[in-house]
Amino acid sequence: MASIFLAMDCWNLVSYVVTMITAKFGSHPVNLEIPSMVQGCVAIGGTILLSVIGYFGALDVHKVDIELKSEKVPAHADGFKIAFISDLHLAPELRTSIVDQTISILESEKPDLILNGGDFQDNTLARERKLAARFAEIKPELKFSVLGNHEYYTGTQDCIDLHKLASFTLLRNEGVEIDDWLYVFGVDDQAINKKVQSQPPYDNDAAKDACNKRFAILLKHRPEPTEIAKQQFDLMLAGHSHGGQFIPFSWLVKIKYPLGTGLSQILGAKMLLYTTPGTGTWGPPFRIFTKSEVTIITLKSK
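Residue numbers (the working numbering): 154 to 455.
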């Protein structure tokens, strides 16, 4: 509703300027101001319309396909498929249909690896545990996740247990060699560990050596790569911002994270950054001009 009133205020400001100009230079001032009753009707009608659009927009989970080529991907691994989800926010207000669609996409795509960017839940009660357990039934067995800021808000240990229930192996400031050509390093969100930005846990010889020899992925909740990460990893996967979910928050998020959502080449670095707008929503299901998504990344040999 605030956006609607803002638009009408802008129109009335234009109307005022036009009235002043025409009054000064013409014999008949032009008044374009919207009557108060009309403003009220537009505000109410617009709010109802946007609420309906935003609600159903949040309930539709899209599959987004990305293809990345790299010399580090050997010929025998050509077509290796990674599914990336983030910010599902399992909570009482999350509609079960969002989980249904997410699992349906994961099952139909049959990825070789599933990565979870954190903020998996906002609650760890019975319903959320039941929904989380459904992810344990999905193949492959290679499922890794990191902790986001909402894991900290909800209760870190309870959330760790929920990730385990979903059969996600948590990467807590550690890396794992998926294969002799693929390496994934996951870090805790800075709400949990404030040192991850100033003292990156991957700033060591072992991690650097693994990154040099393999296609290296950094799994991190917030799209805030360190200078070390920019030169060390081939790809960073992040979430957190939700793309703002709706105006005006989408504008504010763009200020905080100017690269926005989607795939970005980091200037002066070898690393690509992919920021998902999220698989679920925070708070009531509501999205305008952003989409809930499951990202399917196919790695190709170059």
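Ideal Cβ positions, reconstructed from N, Cα and C, are used throughout, including at glycine. Predicted model only: the values in this text are computed from it and were never measured.
Exercise. When you compare each of 334, 434, 357, 427 to residue 395 by their alpha carbons, which one comes out closest?
Worked result: 434
For this session: Please list, in chain order, all residues of the same chain as residue 373 whose beta carbon is under 7 angstroms from its beta carbon, the five residues on each side excluded.
Result: 299, 340, 389, 391
For this session: Using a threshold of 8 angstroms, state whether the C-beta atoms of residue 315 and residue 274 are closer than that.
Result: yes
For this session: Please determine if the stretch 306 to 324 and the stretch 361 to 368 are in contact, where contact requires at least 3 C-beta pairs separated by less than 8 angstroms.
Result: no
Exercise. Quick one: what does DSSP say residue 242 is sitting in, helix, strand or coil?
Worked result: coil
Exercise. In this structure, does DSSP put residue 429 in helix, strand or coil?
Worked result: coil
For this session: Drop a sphere of 10 angstroms on the beta-carbon of residue 452, count the other beta-carbons inside from all chains shown, and report buried for 16 or more, exposed for fewer.
Result: buried
Exercise. Sorted by chain position, which residues of the same chain lie with C-beta nearer than 6 angstroms to residue 344's C-beta, five sequence neighbours on each side aside?
Worked result: 302, 305
Problem set entry | Enclosing beta strand (DSSP E) for residue 269 [first to last residue] | 266 to 269
Exercise. Where in the stretch 388 to 419 do unbroken runs of the beta strand (DSSP E), each at least 3 residues long, occur, reported from the N-terminal end onward?
Worked result: 388 to 391, 415 to 418
Problem set entry | Sub-8 angstroms separation of residue 331 and residue 266 beta-carbons | yes
Problem set entry | Where the alpha helix (DSSP H) containing residue 215 begins and where it ends | Here residue 215 belongs to no alpha helix (DSSP H); instead the beta strand (DSSP E) covers 214 to 223.
Exercise. In three-state terms, what does DSSP make of residue 296?
Worked result: strand
Exercise. Where do the ends of the beta strand (DSSP E) carrying residue 355 lie?
Worked result: Careful: residue 355 lies outside any beta strand (DSSP E) and carries neither H nor E.
For this session: Mind listing, in chain order, the continuous beta strand (DSSP E) runs of no fewer than 3 residues lying wholly within the stretch 357 to 381?
Result: 368 to 372
For this session: May I ask which residues mark the beginning and end of the alpha helix (DSSP H) holding residue 315?
Result: 309 to 318
For this session: Could you check which residue in 413, 386, 375, 404 has the C-alpha nearest to that of residue 239?
Result: 375
Exercise. So, is residue 359 buried or exposed, given that buried needs 16 or more other C-beta atoms within 10 angstroms?
Worked result: exposed
Exercise. Can you pull the DSSP bridge partners for residue 336?
Worked result: 330, 369
Exercise. In angstroms, rounded to a whole number, what distance separates the CA positions of residue 424 and residue 310?
Worked result: 32 angstroms
Problem set entry | Where residue 452 falls: helix, strand or coil (DSSP) | strand
Exercise. Helix, strand or coil: how does DSSP classify residue 154 here?
Worked result: At residue 154, the pLDDT of 49 sits below 50, so the modelled position is not reliable and the matter cannot be decided from this model.
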